[in-house]
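Trainee: Protein chains in written order, with our numbering: chain Y, 9 to 175; chain D, 40 to 471.
We put the beta carbon where it would ideally sit given N, CA and C, even for glycine.
#1: Classify residue 157 of chain Y: buried if its beta carbon has 16 or more other beta carbons within 10 angstroms, exposed otherwise.
#2: If you drop the 5 nearest sequence neighbours on each side, which residues of the same chain put their C-beta closer than 7 Å to that of residue 475 of chain D?
#3: Nearest CA to the CA of residue 215 of chain D: which residue from D/351, D/273 and D/432?
#4: Tell me where the alpha helix (DSSP H) around residue 393 of chain D begins and ends.
#5: Identify which residue in Y/105, Y/54, Y/65 and Y/34 has its Cα closest to the Cα of residue 162 of chain Y.
#6: Using a cut-off of 7 Å between C-beta atoms, extract the partners of residue 75 of chain Y located in chain D.
#7: Any idea if residue 52 of chain Y is buried or exposed, counting beta-carbon neighbours within 10 angstroms, 16 or more meaning buried?
#8: Where does the unbroken alpha helix (DSSP H) through residue 115 of chain Y begin, and where does it stop?
#9: Would you call residue 333 of chain D buried or exposed, if buried means 16 or more other Cβ atoms sit within 10 Å of its Cβ?
#10: For residue 418 of chain D, I'd like the list of residues in its chain whose CB is within less than 6 Å of its CB, leaving aside the five on either flank, ordered along the chain.
#11: Assess, as a yes-or-no matter, whether the region 380 to 398 of chain D is touched by the region 202 to 210 of chain D under the definition of 3 or more beta carbon pairs within less than 8 Å.
#12: May I have a chain-ordered list of the alpha helix (DSSP H) segments no shorter than 4 residues that lie completely inside the region 157 to 240 of chain D?
#13: Beta-carbon of residue 82 of chain Y versus every beta-carbon of chain D: anything under 8 Å?
#14: Beta carbons nearer than 8 Å to chain Y: which residues of the region 379 to 393 of chain D have them?
#15: Looking at C-beta atoms only, is the number of pairs between the region 309 to 316 of chain D and the region 41 to 58 of chain D that lie closer than 8 Å three or more?
#16: Whose C-alpha, out of D/428, D/372, D/379 and D/357, is nearest the C-alpha of residue 393 of chain D?
#17: Would you tell me roughly how many angstroms separate the C-alpha atoms of residue 469 of chain D and residue 463 of chain D, rounded to the nearest one?
#18: Does residue 299 of chain D pass the burial test, meaning 16 or more other C-beta atoms within 10 Å, or should it be called exposed?
#19: Any beta carbon of chain Y sitting closer than 8 Å to that of residue 45 of chain D?
#20: Please confirm whether residue 310 of chain D has its beta-carbon closer than 8 Å to some beta-carbon of chain Y.
#21: Measuring only the C-alpha atoms, how far is residue 110 of chain D from residue 425 of chain D?
#22: Are residue 185 of chain D and residue 212 of chain D closer than 8 Å when you measure CB to CB?
#23: For the structure I just gave you, are there three or more beta carbon pairs, one from the region 225 to 238 of chain D and one from the region 453 to 461 of chain D, closer than 8 Å?
#24: For the region 245 to 256 of chain D, which residues have a CB atom closer than 8 Å to at least one CB atom of chain Y, in sequence order?
#25: Mind listing which residues of the region 320 to 343 of chain D have their C-beta closer than 8 Å to chain Y's C-betas, in chain order?
#26: Out of D/139, D/169 and D/147, which one is the CA nearest neighbour of residue 160 of chain D?
#27: Give the straight-line distance between the Cα atoms of residue 148 of chain Y and residue 38 of chain Y, rounded to the nearest whole angstrom.
#28: What is the C-beta distance between residue 442 of chain D and residue 413 of chain D, in whole angstroms, given that I count them as a contact (C-beta under 8 Å)?
#29: Decide yes or no for the touch test of the region 240 to 247 of chain D against the region 113 to 128 of chain D: beta carbon pairs closer than 8 Å, at least 3 of them.
#30: Please confirm whether residue 377 of chain D and residue 62 of chain D have their CB atoms less than 8 Å apart.
#31: Just to confirm before moving on: does the CB-CB distance between residue 284 of chain D and residue 102 of chain D stay below 8 Å?
#32: For a contact meaning CB atoms closer than 9 Å, what does residue 89 of chain D contact in chain Y?
#33: I'd like the list of long-range same chain contacts for residue 55 of chain Y, defined as Cβ closer than 7 Å, with 5 residues on each side in sequence excluded.
#34: Closest Cβ-Cβ distance between residue 94 of chain D and chain Y: below 8 Å?
#35: Going straight from the alpha carbon of residue 115 of chain D to that of residue 25 of chain Y, what length do you get?
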């Protein structure tokens with residue numbers, strides 16, 4: 009049952025992460041490239057492109073983190089594990105637990121911040137996007153990282169069980 | 040020093056040691072500092088985390104990573120190696136030189152050491168051994184040359200350094216040019232003299248004129264890429280940002296339409312993976328901002344600066360101490376994290392000793408870059424170890440002569456700041 013839910017969530021999250029990351033990066037690349045061309049050809053630049061890029065950076069960084077947990081490409085310092093390989097398992101679980109704590113904390117703080125933006129109706133300057141949509145990325149990141157970490161812990165557990173059976 | 044600083048230092052180092060993701064170790068140190076030892080609401084740190092990403096300049100990281108990834112997965116690497124080989128391959132030790140030059144050219148596209156080790160080392164080490172170069176030499180030179188990836192612009196760690204210190208990125212890039220050349224020349228000279236009297240390896244004949252033309256003709260479009268990045272930035276035609284964007288578009292266009300070595304579904308994969316890689320780096324910037332916020336609230340960098348200045352009076356002693364410290368740090372911590380954690384702490388000390396900010400940025404980059412290949416923990420050692428199926432002790436011995444050369448280059452640049460600053464002064468009108 010758990011496996012089924014996790015697999016379903018995995019597919020949904022991967023689809024969401026991949027497509028949004030692809031579209032935002034491409035949108036950024038194209039708008040900046042057009043901007044360079046316009047600057048040289050017509051001495052003109054798009055006022056909104058800078059704001060768009062800032063929003064894209066916020067978005068790709070916070071959403072990309074969720075994907076990075078799945079790929080296990082989060083930057084960590086594994087010097088201790090290389091010196092003492094036996095510690096790999098316990099440290100792995102410790103690191104996952106810290107990630108869960110982070111996810112919960114950022115969900116809570118992010119939610120509170122987004123609520124403030126709703127109450128004050130703030131918008132971005134040029135594109136007039138309500139700030140709540142931007143700040144909502146923080147609780148979204150918290151929730152996604154939480155699911156991803158549970159998933160990775162489950163995979164680790166399966167792997168450990170498999171190794172035991174082989175013995 | 041107050042006792043709670045020690046507690047926080049233990050939280051940070053403990054987190055880093057226990058494989059907690061670097062950005063979380065930084066984030067929690069900043070959070071615990073604010074929550075436990077000040078009356079300021081925690082919200083300020085959530086704000087800092089969010090606002091740290093609300094910066095236009097960060098986009099340069101994303102697009103240089105994208106450009107580097109397009110290169111690595113397309114056919115450009117192979118073409119760069121071939122061009123380097125027809126140019127110097129016929130000299131004694133020529134194939135090794137070609138490997139070093141290819142690392143330099145690749146470094147002019149990619150901003151990371153690890154990417155360069157994988158892209159060039161994985162190809163060159165087997166090639167060198169097929170031509171009967173000794174394995175130890177091949178392993179050593181191809182493990183250490185990829186430092187050119189971070190020294191020769193564009194360099195991801197330099198980008199982050201310039202963000203923390205708000206110095207000019209274009210000028211900082213320029214400082215990397217000369218040391219990059221010095222390392223290429225020194226490594227080439229070393230392999231030239233190493234193989235000069237020897238006949239037990241395969242030395243390529245002088246290529247025919249037609250072969251040279253052919254290699255340059257097929258490699259022309261790839262070679263234009265470093266030209267766009269270098270030439271664009273140094274002539275002032277592009278900002279670093281624009282260079283990254285134009286280079287990415289160009290790289291895609293060349294791989295899809297001219298070399299035809301990339302399919303549309305690869306474009307999707309590469310773009311997504313680059314966004315993820317960029318996220319793992321930028322989130323450390325966010326973590327370091329939260330950590331740095333706490334440091335500034337407590338004025339800790341100033342306190343450290345005062346302590347250092349009252350103990351060390353000579354700038355050269357300080358630089359020597361920093362060199363040694365960074366070499367040790369570089370063994371354990373990757374260059375990005377180390378740059379982001381340490382720069383805000385060193386910054387006030389630089390003003391006290393009147394050390395140029397660009398000069399220091401270059402030293403930090405070379406220092407931490409050497410850390411990548413310093414036994415026992417250097418990451419590159421493990422990567423080439425896996426490529427060649429050799430253990431750590433073997434690879435560590437193999438890199439020794441090359442590390443020595445890099446340390447000499449580092450020492451020269453440390454104590455002759457004019458040499459490091461020559462290029463930005465001459466080309467960018469830098470005054471300092």
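Mentor: According to the data block:
#1: Counting the other CB atoms within 10 Å of its CB gives residue 157 of chain Y a total of 16 or more, which places it among the buried residues.
#2: The structure shown has nothing for residue 475 of chain D, since chain D only spans 40 to 471.
#3: Of the candidates D/351, D/273 and D/432, the one whose C-alpha sits nearest the C-alpha of residue 215 of chain D is D/273.
#4: Looking at the DSSP string, residue 393 of chain D is not in any alpha helix (DSSP H), and its letter there is neither H nor E.
#5: Here the closest residue by C-alpha is Y/105.
#6: Neighbours of residue 75 of chain Y on chain D, chain order: 315.
#7: Looking at its Cβ environment, which holds fewer than 16 other Cβ atoms inside 10 Å, residue 52 of chain Y is exposed.
#8: First-last of the alpha helix (DSSP H) with residue 115 of chain Y: 96 to 128.
#9: Buried, because 16 or more other Cβ atoms sit within 10 Å of the Cβ of residue 333 of chain D.
#10: Hits under 6 Å: 411.
#11: The region 202 to 210 of chain D makes contact with the region 380 to 398 of chain D, as at least three CB pairs between them are under 8 Å.
#12: As far as the region 157 to 240 of chain D is concerned, its whole alpha helix (DSSP H) runs of at least 4 residues are 161 to 169, 174 to 183, 187 to 190, 195 to 204, 208 to 214 and 216 to 234.
#13: Using beta-carbon distances, residue 82 of chain Y counts as an interface residue toward chain D, with a partner under 8 Å.
#14: Here the close residues number zero.
#15: Cβ pair count under 8 Å is below three, so no.
#16: Of the listed residues, the one whose Cα sits closest to residue 393 of chain D is D/357.
#17: Approximately 5 Å between the Cα atoms of the pair.
#18: The C-beta of residue 299 of chain D has fewer than 16 other C-beta atoms within 10 Å across all chains shown, which makes the residue exposed.
#19: For residue 45 of chain D, the answer is no, since every Cβ of chain Y falls outside 8 Å of its Cβ.
#20: At a cut-off of 8 Å between beta carbons, residue 310 of chain D contacts chain Y.
#21: Per the coordinates, the alpha-carbon of residue 110 of chain D lies some 23 Å from the alpha-carbon of residue 425 of chain D.
#22: Against a cut-off of 8 Å, the Cβ pair of residue 212 of chain D and residue 185 of chain D comes out as no contact.
#23: With a cut-off of 8 Å, the region 453 to 461 of chain D and the region 225 to 238 of chain D do not count as touching, because too few Cβ pairs lie within range.
#24: Taking 8 Å as the Cβ-Cβ cut-off, the region 245 to 256 of chain D has no residue approaching chain Y.
#25: Residues 320, 321, 322, 323 and 325.
#26: Comparing Cα-Cα distances from residue 160 of chain D to each of D/139, D/169 and D/147, the minimum goes to D/139.
#27: The straight-line gap from Cα to Cα measures roughly 26 Å.
#28: Separation of the CB atoms of residue 442 of chain D and residue 413 of chain D is rounded to 7 Å, and the pair is thereby assigned contact status at 8 Å.
#29: The region 240 to 247 of chain D vs the region 113 to 128 of chain D: in contact.
#30: No Cβ-Cβ contact shorter than 8 Å links residue 377 of chain D with residue 62 of chain D.
#31: Result yes, Cβ atoms of residue 284 of chain D and residue 102 of chain D sit closer than 8 Å.
#32: Residues of chain Y with a Cβ closer than 9 Å to the Cβ of residue 89 of chain D are, in chain order, 66, 70, 118, 121, 142, 143, 145 and 146.
#33: So the list reads 134, once near-sequence residues are dropped.
#34: Yes, residue 94 of chain D counts as interfacial toward chain Y.
#35: A direct Cα-to-Cα measurement between residue 115 of chain D and residue 25 of chain Y gives close to 29 Å.
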